[in-house]
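Let me begin by presenting the structure, written as structure tokens, before commenting on it.
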Amino acid sequence: RARVLRDASGGWRFDSLSEIVSRCVKTENPGWRRIVVFCDNAGADVMGMVILARALAAVGGDDTKVALVANTHAALNDVTHAELCGFLWSAAGGGGEGPADPVLAAQMERGRVTAVPGGQFSTLLDLNRTGPELNAWVEEEFRSVPAGEEWLVVFDGMGRGLESNWNPAPYFKDGVNALNLAMVKSEINARRLGAEVYDCVVKLSVGGSK
50 RARVLRDASG
60 GWRFDSLSEI
70 VSRCVKTENP
80 GWRRIVVFCD
90 NAGADVMGMV
100 ILARALAAVG
110 GDDTKVALVA
120 NTHAALNDVT
130 HAELCGFLWS
140 AAGGGGEGPA
150 DPVLAAQMER
160 GRVTAVPGGQ
170 FSTLLDLNRT
180 GPELNAWVEE
190 EFRSVPAGEE
200 WLVVFDGMGR
210 GLESNWNPAP
220 YFKDGVNALN
230 LAMVKSEINA
240 RRLGAEVYDC
250 VVKLSVGGSK
């Protein structure tokens, strides 16, 4: 628990939270206009990513769009696209199951928060092998918001954000932001990253940097 709680004086092992907050509270053009969130596990993890998507869409304003991306096919306990669609529908109040979230419902209705299949079936993420639906969504959004500092790519979880895509910045277009969100849960990864088990990762990087 001590490693998860953020010490204001020292922060987490990999800690870009202050940069993210500063970006989100800017007076002009806060947040990002186009966001791709690669979701990890089903259950609490995907609930957190939906909350994050809802918040980022609200911060950026009416022109912001967020794509929640999940595996097309099952892999261990990772959420699938079909499961994610069902969860979003329920969270927004679909079918009258539980309290409706009018903010999320409005964002989904306007296409500001949407679920997109990633085309993959692995606990890791290979950005060279994303599926046609995700590629089409990104290409379409590039027409209105070219790749650059108004784009954010979020890698959720150890498989997508630590064991793969740990240092994506050199491979991204200049200015594109990458956010790795995870907890270090294995000794192997802890040693590789110079960290300790249960260290938290909130790491923001910028495309074109090394």
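Just add 49 to wherever you are in the sequence shown, counting from 1, and you've got this note's numbering.
Built from N, CA and C at the ideal position, the CB exists for glycine as well.
- The C-alpha of Arg240 is placed about 43 Å away from the C-alpha of Ala154.
- Val95 has its alpha-carbon roughly 26 Å from the corresponding atom of Gly256.
- When C-beta atoms of the region 104-114 are compared with those of the region 208-216, fewer than three pairs fall below 8 Å, so the two segments do not count as touching.
- In the structure shown, the three-state DSSP call for Val95 is helix.
- Taking a 10 Å sphere around the C-beta of Asp248, we find 16 or more other C-beta atoms and assign the residue as buried.
- With contacts defined by Cβ atoms closer than 8 Å, Leu66 and Val86 do not form a contacting pair.
- For Trp215, there is no enclosing beta strand (DSSP E), since its DSSP letter is neither H nor E.
- For Arg83, the CB contacts under 7 Å within the same chain, skipping 5 residues up- and downstream, are Lys114, Glu190, Val194, Glu199 and Trp200 in chain order.
- DSSP, reduced to helix, strand and coil, places Pro195 outside both helices and strands of the structure shown, so it counts as coil.
- Under the criterion of beta carbons closer than 8 Å, Phe136 and Val99 qualify as touching, at roughly 7 Å.
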